[in-house]
Amino acid sequence: MNDQSLSKEDRHAKMKGMHDSVHAKVREVLTDDQKPKFDAMVKDMESNMHGMHDKDHDHNHDKDHK
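Residue numbers for the sequence shown follow our numbering, so the first one is 81 and each next one is one higher.
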């Protein structure tokens, strides 16, 4: 995340790729009953992360206009 040699978009793509890879490996060891629970957990975490990014963006946006 702190690799300044990459653009913001490239860092985002790299992190997404890493997350997708980890999630795929985790799903390989889960039972069929566990997979929907894991998927729901991942979706919830992603939703929470997007909410935090939106708050950070709004907060930084407010600073720029004061």
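The beta carbon of each residue, even a glycine, is placed where N, CA and C say it ideally should be.
Identify whether methionine 132 lies in helix, strand or coil by the three-state DSSP scheme.
helix
Note down, in chain order, each residue of its chain lying with its Cβ closer than 7 angstroms to the Cβ of phenylalanine 118, except the 5 sequence neighbours on either side.
Val106, Arg107, Leu110
I'd like the list of long-range same chain contacts for asparagine 82, defined as Cβ closer than 6 angstroms, with 5 residues on each side in sequence excluded.
none
Helix, strand or coil, according to DSSP, for lysine 115 in the structure here?
helix
Could you compute how far the alpha carbon of glutamine 114 sits from the alpha carbon of alanine 120?
10 angstroms
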